[in-house]
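Trainee: The structure is given below, and queries will be raised subsequently.
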Amino acid sequence: MNWSENVIRLDEVDSTNEYAKRIADRSEDGTIIIAETQTQGKGRLNRYWYSPRGGIWMSIILKSIRESPYAQLLTLFTGVAVIQALKSLGLQVSLKWPNDIIANNKKLGGILTEWEPTSGSVIIGIGLNLNIDPQTFPPELQHTATSVLHELKSEIDKDGLVNTILKEFQTVYAKFENGQIEELLLAWKHNSNILGRDVVVETVGQQYQGRAIDVDQDGSLILKEKSGKEQKIVAGDVKFLE
Ligand code: BTN
5 MNWSENVIRL
15 DEVDSTNEYA
25 KRIADRSEDG
35 TIIIAETQTQ
45 GKGRLNRYWY
55 SPRGGIWMSI
65 ILKSIRESPY
75 AQLLTLFTGV
85 AVIQALKSLG
95 LQVSLKWPND
105 IIANNKKLGG
115 ILTEWEPTSG
125 SVIIGIGLNL
135 NIDPQTFPPE
145 LQHTATSVLH
155 ELKSEIDKDG
165 LVNTILKEFQ
175 TVYAKFENGQ
185 IEELLLAWKH
195 NSNILGRDVV
205 VETVGQQYQG
215 RAIDVDQDGS
225 LILKEKSGKE
235 QKIVAGDVKF
245 LE
């Protein structure tokens, strides 16, 4: 598959993930959708995702995956690809389970993987605050988010970075298709800032507290509670305790 062949460039769109879902059944495997800005960018749990001009807002349509249980792993592994690309800029970045790209303890970007059942596609959405001045962020993001521009104090060539991300993703995805899950999980763990730390995880209707000790074969977080009991958490929001 040549990842740069089927690229749809849009100026404005509601959400590249939603657009990808709409065109998935008539699109080729590996089609990429990139927009300059999104009017209804979506984060995890249907949260609003601020997507002004200057950021990277893109989605990848994968049609060769036959089952959805892989969605969580693909989220983690896409994070690995994005982080490799960012490291090549000299940026210090880490991954926070399940889908955050972190720099300086603030959110630089995120991954949103969705399953489109009609066409049987997985849609991987990547959002990255690139050439955006954090002073223009809405108030609720001021203390929690950052941008590459802010961290590196210089503008980055967007197309160049998109290409690097896609190249890294291609490498990661080839390994994924090849069943090299252990190797990819190891790469995720290596780049993660969560393992070994005391956290609170909020899931729908429940809260768990303990030490994050591992991420298992399906991408779930394993938490060790004070009592010694281990909890396997499929989805949730993580807060660090220290
Ligand atoms: C998160 O951290 O909650 C995930 C954010 C994912 C944002 C990206 S931007 C491109 C794609 N289109 C969307 O509407 N969302 C994803």
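Heads up: the sequence shown begins at 5 in this note's numbering, then just goes up one per residue. Even for Gly, the Cβ is constructed at its ideal location relative to N, Cα and C.
Return the residue from the list THR82, ARG57, ALA178 and LEU245 that minimises the CA-CA distance to ILE127.
Mentor: Taking the first residue of the sequence shown as position 1, residue 127 is located at position 123. Cα-wise, what sits closest to ILE127 is THR82.
Trainee: Taking the alpha-carbon of SER123 as reference, which of THR207, PRO143, PRO142 and LYS25 has the nearest alpha-carbon?
Mentor: Within the sequence shown, the letter at position 119 stands for residue 123. It is LYS25 whose Cα lies nearest to the Cα of SER123.
Trainee: Only counting runs of 4 or more residues, tell me where the alpha helix (DSSP H) segments fall wholly within the region 30 to 102, in order along the chain.
Mentor: Fully enclosed alpha helix (DSSP H) runs of 4 or longer: 75 to 91.
Trainee: At 4 residues or longer, and completely inside the region 120 to 171: list those alpha helix (DSSP H) runs for me, N to C.
Mentor: Listed in chain order, they are 152 to 156.
Trainee: Taking Cβ positions, are GLU16 and THR41 nearer each other than 7 Å?
Mentor: Along the sequence shown, read from residue 1 onward, the residue named residue 16 stands at position 12. Along the sequence shown, read from residue 1 onward, the residue named residue 41 stands at position 37. Yes, these two residues count as a Cβ contact at 7 Å.
Trainee: Starting from ALA191, follow the alpha helix (DSSP H) in both directions and report where the run begins and ends.
Mentor: Taking the sequence shown and counting its residues from 1, one reaches residue 191 at position 187. Where ALA191 is concerned, the enclosing alpha helix (DSSP H) stretches over 185 to 195.
Trainee: Indicate whether ILE115 and THR79 have their beta-carbon atoms separated by less than 7 Å.
Mentor: Residue 115 sits at position 111 when you count from the first residue of the sequence shown. Residue 79 sits at position 75 when you count from the first residue of the sequence shown. Yes, the Cβ-Cβ distance between ILE115 and THR79 is below 7 Å.
Trainee: Does the region 229 to 242 come close enough to the region 200 to 216 to have 3 or more Cβ pairs within less than 8 Å?
Mentor: Output reads yes: the region 200 to 216 touches the region 229 to 242.
Trainee: Could you check the C-alpha separation between ASP241 and ASP161 for me, to the nearest Å?
Mentor: The sequence position of residue 241 within the sequence shown is 237, counting from 1. The sequence position of residue 161 within the sequence shown is 157, counting from 1. Looking at the two C-alpha atoms, the distance is approximately 32 Å.
Trainee: Do TRP53 and ALA39 have their C-beta atoms within less than 7 Å of each other?
Mentor: Translated into positions along the sequence shown, residue 53 becomes position 49. Translated into positions along the sequence shown, residue 39 becomes position 35. Not in contact: TRP53 and ALA39 (Cβ atoms no closer than 7 Å).
Trainee: Can you tell which of GLU246, ASP222 and ASP202 has the C-alpha that lies nearest to the C-alpha of GLU229?
Mentor: Working through the sequence shown from its first residue, we reach residue 229 at position 225. Cα-wise, what sits closest to GLU229 is ASP202.
Trainee: How big is the Cα-Cα spacing for SER72 and LYS157?
Mentor: Numbered from its first residue, the sequence shown carries residue 72 at position 68. Numbered from its first residue, the sequence shown carries residue 157 at position 153. Unreliable positioning characterises SER72 in this predicted model, as indicated by a pLDDT of 49, which lies under 50. A coordinate reading is not provided.
Trainee: Using 8 Å as the cut-off, can you tell me whether the region 83 to 100 makes contact with the region 183 to 197, which would need three or more C-beta pairs spanning the two stretches below that distance?
Mentor: Short answer: they touch.
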